[in-house]
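Engineer: Under our numbering, think of the first position of the sequence shown as 1, with each following residue one higher.
For every residue, glycine included, the Cβ atom is placed at its ideal position computed from N, Cα and C.
Just so we're clear, the structure is a prediction, and the values are computed from it rather than from any experiment.
Submitted below is the structure of interest, expressed as C-alpha cells.
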Amino acid sequence: MYDVVIIGAGMSGLAAGVRLAQYDQRVCILEKHKIIGGLNSFYRQKGRNFDVGLHAMTNFAVKGTKSGPLSRLLRHLRFSWDDLSLSPQLGSAIAFPDVLLNFSNKFELFESEIASKFPDQIDGFRKMVAGLSGYDQLGLGASGGSAREYVSQFITDPLLIDMIFCPLLYYGGAREKDMEFGQFCIMFRSIFLEGFARPYSGVRHILLQLQKKFQSLGGELRLNKGVEQIISKGDQVEKVVLTDGTEIYGKHYLSSAGWPETMKLCNLPDAVPQLPAGKLGFIETISVLDCDPQKLGHSRTILFFNDSSFFSYEKPDSLVDIRSGVICSPNNFEYNEPLGEGIIRITALANFEKWDELSEEDYRVEKLKWYDRTLASAVRFMPEFRDHIIENDMFTPITVKRFTGRENGAIYGTSDKKYDGLTPFSNLFLCGTDQGMVGIVGAIVSGITIANKYILS
C-alpha cells in the first residue's frame, strides 16, 4: 500500500512525486513508456538526441530572484538555481505581413517595439499590462472571461492584438481563437515579462534532475507500467490495474494523464459530467544542419510567424495549416559553448482526424510532403537553410496520441480546464495540463500545488 500513486512520469507527475517524497510519503509513479517525460520528452535516433515538446522554458528569472513561478518551484523542490543550468535566449520575434516585433527577456524591448510600430496603441498597451493579474491572484480557481475581450478594451488595432496572441496561443492555447483571461495573464507574464531559457542538453536535463531527486528521496518509479483501469468503491479509488494485470493500491491518487483520459480509465457512467477532449493538434519538423544557424544569418531563438491578414488559431480543414507557425533554434541561447550541429524546429497547426484516416502508406507519403511544405513556408521568414540539412524527423498529432495517450493528439489538452484538480472521487486528483497550467514551469508548479493542497495540507 502506497501513500500516493501517481499516473504519468511527466513534469507534473515527477514534481508532485518529489514534493510528496520530501514529507516521507511512500510514492509510486507509474509510466507506460520506457522513458520519462510525457508531453515533454526526448528520444535518440541514428546516434542523435532529439527533444520533444520543449522549445524553450518560459518564466525565466535571473539567479537570486525571490518571486515568480521559477523561484517558487526551486524553493518547493529544494533545487538550487544552478541545478537547472538555464541559459537565457538571444532574442525572439513575431513576424506578420509588413510588421516585425522583436522581444527578449527584457520587457523594455517589446514595449519599445510596440511604441515604434504602433505609436497610437502604446498607452493602451501599458494600461493593459498594468491590469494583468499576478500569479498569486490566480490560485487554483478559474479567472474567467475572454482574454480577447479584455485586450480589446485597451488595444484597438486588430493586427497588434493578433501579434500579441500568436505566441501565447501557440505556447499554451487549448481553445480555438481565444483563451481565458487567467490563462492569458499566465502566458503573457511567462513569455513577455519573464522570457525564455533552456538547459544546454535540453529537456532531458530537467527531467533527469527531477527523477534523480525523486528516487534519492525513496520514491519508486515504474517504467513500462501502463494503467488499464482505475477501480473505485463508492466515492474513493480503491486501486489501479496495470496492463499486465498487476494491482496497485494507494491512499491517494494523482493523474497527469489528462481529464478525458483519466475519466476513461475510471469507466464512469454517462451521467457524470465530462470535459471535452482537446481539438488542437500540431506537427513539428526537426532539421539537423551541418552548421550553426547563426552562420546562415539566423540568430533568433524563436520566431512566431503569420503570413495572412489575420491570425487563425483553430483546427485546420487540411492536414496542416502552414499560414502560421513557430520556428525555434535550440542553438540560439547564451550557452558557454556551441551546441555543435545546428537544429531548426518548426511547429504548425494540424488536424488529427485528417491524419488519423490515412492508410499507413499514405501517412508516410503525407509526412514527406508536409515536411517539405512546412520548411518552404518557414524560409519566407528566415534565411534559407534547406541545403544544409543532414538529418530530419517529423511528428504529427498521431505521434502525440501514440506516445502520450492524449485524445486527438491535443498537446494542450481539454479547452475547459479543471483548475481545482478535483475529480468525482475524494482521493483522486488531477495535475498537469488539464488542471490548467501549461509549459515546463506550469506543469511542475501544477504538480507541486496539487500535492500541497490535497495531500500535504
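Rounded C-beta distance between Gly297 and Ser377? I'm assuming under 8 Å.
Structural biologist: On the sequence shown, position 297 is the one that residue 297 refers to. On the sequence shown, position 377 is the one that residue 377 refers to. Contact doesn't hold; Cβ gap of about 18 Å is too wide.
Engineer: By Cβ distance below 6 Å, which residues in the same chain neighbour Ala9 in space, the five residues on each side in sequence not counted?
Structural biologist: Along the sequence shown, read from residue 1 onward, the residue named residue 9 stands at position 9. These residues qualify, in order along the chain: Ile29, Glu31, Ile36.
Engineer: For Asp290, which residues of its own chain have a beta-carbon under 6 Å away from its beta-carbon, when the five flanking residues on both sides are left out?
Structural biologist: What you label residue 290 is simply residue 290 of the sequence shown in a count that begins at 1. Only His388, Ile390 meet the Cβ criterion.
Engineer: When DSSP builds the beta bridges, which residues end up paired with Leu275?
Structural biologist: To locate residue 275, count along the sequence shown from 1; it is residue 275. Leu275 is not bridged to any residue.
Engineer: The beta strand (DSSP E) that contains Cys28, what's its start and end?
Structural biologist: Numbered from 1 along the sequence shown, position 28 holds the residue referred to as residue 28. Segment 27 to 30, the beta strand (DSSP E) holding Cys28.
Engineer: Between the alpha carbons of Gln25 and Gly219, how many angstroms are there, rounded?
Structural biologist: Taking the sequence shown and counting its residues from 1, the one referred to as residue 25 is at position 25. Taking the sequence shown and counting its residues from 1, the one referred to as residue 219 is at position 219. Approximately 8 Å, taken between the alpha carbons.
Engineer: Output needed for Glu314: all residues of its chain with C-beta closer than 7 Å, excluding positions within five of it in sequence on either side, in chain order.
Structural biologist: For the purposes of this step, residue 314 is identified with residue 314 of the sequence shown, where counting begins at 1. Same-chain partners within the cutoff: Glu176, Lys177.
Engineer: What does the Cβ neighbour count give for Leu138, buried or exposed, with the cut at 16 atoms within 10 Å?
Structural biologist: Translated into the one-based positions of the sequence shown, residue 138 becomes position 138. Since pLDDT at Leu138 reaches only 47, below the 50 mark, its modelled position is unreliable, and the value read off the structure follows with that caveat. Leu138 should be labelled buried.
Engineer: Please check the pair Trp370 and Leu319, which I expect to be a contact at CB under 8 Å, by giving their CB distance rounded to whole angstroms.
Structural biologist: Translated into positions along the sequence shown, residue 370 becomes position 370. Translated into positions along the sequence shown, residue 319 becomes position 319. Cβ-Cβ separation between Trp370 and Leu319: approximately 6 Å, consistent with a contact (criterion under 8 Å).
Engineer: Classify Pro69 as helix, strand or coil using the three-state DSSP reduction.
Structural biologist: Locating residue 69 in the sequence shown gives position 69, where the first residue counts as 1. Correct three-state label for Pro69: helix.
Engineer: Taking the alpha helix (DSSP H) that Arg19 falls in, what are its first and last residues?
Structural biologist: If you number the sequence shown from 1, residue 19 lands on position 19. Per DSSP, Arg19 belongs to the alpha helix (DSSP H) from 11 to 21.
Engineer: Assuming the contact rule is C-beta atoms closer than 8 Å, Glu284 and Phe395 should be a hit. Round their C-beta distance to whole Å, please.
Structural biologist: Walking along the sequence shown from the start, residue 284 turns up at place 284. Walking along the sequence shown from the start, residue 395 turns up at place 395. Correct: roughly 6 Å between the Cβ atoms.
Engineer: Can you tell me which of the three DSSP states Cys291 falls into?
Structural biologist: The count along the sequence shown starts at 1 and reaches residue 291 at position 291. Three-state result, Cys291: coil.
Engineer: Measuring straight from C-alpha to C-alpha, what distance separates Ile450 and Glu384?
Structural biologist: As a first step, residue 450 is located in the sequence shown; it is residue number 450 there, counting from the start. As a first step, residue 384 is located in the sequence shown; it is residue number 384 there, counting from the start. Cα to Cα, Ile450 sits roughly 46 Å from Glu384.
Engineer: Out of curiosity, what's the CA-to-CA distance linking Leu210 and Thr243?
Structural biologist: Residue numbering aside, residue 210 sits at position 210 when the sequence shown is read from its first letter. Residue numbering aside, residue 243 sits at position 243 when the sequence shown is read from its first letter. For Leu210 and Thr243, the distance between alpha carbons rounds to 26 Å.
Engineer: Within its chain, find whatever has a CB closer than 7 Å to the CB of Ile411; leave out the 5 residues flanking it on each side and keep chain order.
Structural biologist: Numbered from its first residue, the sequence shown carries residue 411 at position 411. Here the set comprises Leu39, Phe282, Val400.
Engineer: Since Ala350 sits in a beta bridge, which residues does DSSP pair it with?
Structural biologist: Position 350 of the sequence shown holds residue 350. DSSP lists Gly281, Val320 as partners of Ala350.
Engineer: Under 7 Å Cβ to Cβ from Gly226, same chain only, skipping five residues before and after it: list those, please.
Structural biologist: Residue 226 sits at position 226 when you count from the first residue of the sequence shown. Excluding residues within five positions, the ones whose Cβ falls inside 7 Å are Lys32, Leu242, Thr243.
Engineer: Please state if the CB of Met382 and the CB of Arg198 are separated by a distance shorter than 8 Å.
Structural biologist: The residue given as residue 198 occupies position 198 in the sequence shown. The residue given as residue 382 occupies position 382 in the sequence shown. No; because the gap between Cβ atoms is not below 8 Å, this pair is not in contact.
Engineer: Thinking C-beta only, is Leu254 closer than 8 Å to Val4?
Structural biologist: Here residue 4 corresponds to residue number 4 of the sequence shown, with the count starting at 1. Here residue 254 corresponds to residue number 254 of the sequence shown, with the count starting at 1. In contact: Val4 and Leu254 (Cβ atoms closer than 8 Å).
Engineer: Ser41: which of Lys213, Leu207, Phe60 sits nearest, CA to CA?
Structural biologist: For the purposes of this step, residue 41 is taken as the residue at position 41 of the sequence shown. The residue with the shortest Cα to Cα distance from Ser41 is Leu207.
Engineer: Leaving out the 5 sequence neighbours to the left and right, which residues in its chain are closer than 6 Å to Leu140 when beta-carbon positions are compared?
Structural biologist: Within the sequence shown, numbered from 1, the residue matching residue 140 stands at position 140. With a pLDDT of only 47 at Leu140, under the threshold of 50, the placement of this residue in the model should not be trusted; the figure read from the coordinates follows. Excluding sequence neighbours, Leu140 sits near Tyr419, Asp420.
Engineer: Would DSSP call Arg75 helix, strand or coil?
Structural biologist: One-based indexing of the sequence shown puts residue 75 at position 75. In the three-state reduction of the DSSP assignment, Arg75 falls in the helix class, which pools H, G and I.
Engineer: Return the first residue and the last residue of the beta strand (DSSP E) that Gly131 is part of.
Structural biologist: As a working mapping, residue 131 is identified with position 131 in the sequence shown. Where Gly131 is concerned, there is no enclosing beta strand (DSSP E), given that its DSSP letter is neither H nor E.
Engineer: Report yes if the C-beta distance between Phe96 and Ile114 is below 8 Å; otherwise report no.
Structural biologist: As a working mapping, residue 96 is identified with position 96 in the sequence shown. As a working mapping, residue 114 is identified with position 114 in the sequence shown. Not in contact: Phe96 and Ile114 (Cβ atoms no closer than 8 Å).
Engineer: Kindly indicate which residue of Leu349, Glu360, Glu228, Lys212 has the alpha-carbon position closest to the one of Asn306.
Structural biologist: Here residue 306 refers to the residue found at position 306 when the sequence shown is read from its first residue. Comparing Cα positions, the closest option is Leu349.
Engineer: Measuring only the C-alpha atoms, how far is Ile164 from Phe184?
Structural biologist: Here residue 164 refers to the residue found at position 164 of the sequence shown. Here residue 184 refers to the residue found at position 184 of the sequence shown. Each residue's alpha carbon lies about 10 Å from the other.
Engineer: Under a Cβ-count criterion, where at least 16 other Cβ atoms within 10 Å of its own Cβ denotes burial, should Phe310 be classed as buried or exposed?
Structural biologist: As a first step, residue 310 is located in the sequence shown; it is residue number 310 there, counting from the start. So Phe310 ends up on the exposed side.
Engineer: Suppose the cutoff is 7 Å on Cβ atoms and the five residues either side in sequence are ignored; what does the same chain contact list for Val129 look like?
Structural biologist: On the sequence shown, residue 129 is found 129 positions in, with the first residue counted as 1. Closer than 7 Å at Cβ, skipping near neighbours: no residue.
Engineer: Would you call Asp120 buried or exposed, if buried means 16 or more other Cβ atoms sit within 10 Å of its Cβ?
Structural biologist: In the sequence shown, the residue the question calls residue 120 occupies position 120. Asp120 comes out exposed.
Engineer: In the DSSP assignment, the alpha helix (DSSP H) including Val203 goes from what residue to what residue?
Structural biologist: In the sequence shown, counting from the first residue as 1, residue 203 sits at position 203. Here the alpha helix (DSSP H) through Val203 covers 203 to 216.
Engineer: What's the C-alpha gap between Glu334 and Asn59?
Structural biologist: Working through the sequence shown from its first residue, we reach residue 334 at position 334. Working through the sequence shown from its first residue, we reach residue 59 at position 59. Taking C-alpha positions only, Glu334 is separated from Asn59 by approximately 16 Å.
Engineer: Pull up the DSSP beta-bridge partners for Arg300, would you.
Structural biologist: Locating residue 300 in the sequence shown gives position 300, counting from the first residue. In the DSSP output, where bridge partners are listed per residue, Arg300 has none listed.
Engineer: Put Met437 into one of helix, strand or coil per three-state DSSP.
Structural biologist: Locating residue 437 in the sequence shown gives position 437, where the first residue counts as 1. If DSSP states are grouped into helix, strand and coil, Met437 belongs with coil.
Engineer: What's the C-alpha gap between Tyr363 and Gly432?
Structural biologist: Here residue 363 refers to the residue found at position 363 of the sequence shown. Here residue 432 refers to the residue found at position 432 of the sequence shown. Taking C-alpha positions only, Tyr363 is separated from Gly432 by approximately 30 Å.
Engineer: Just tell me which of Tyr249, Gly342, Val365 has its CA closest to the CA of Tyr2.
Structural biologist: Within the sequence shown, numbered from 1, the residue matching residue 2 stands at position 2. Looking at the Cα atoms, Tyr249 is the closest of the given residues.
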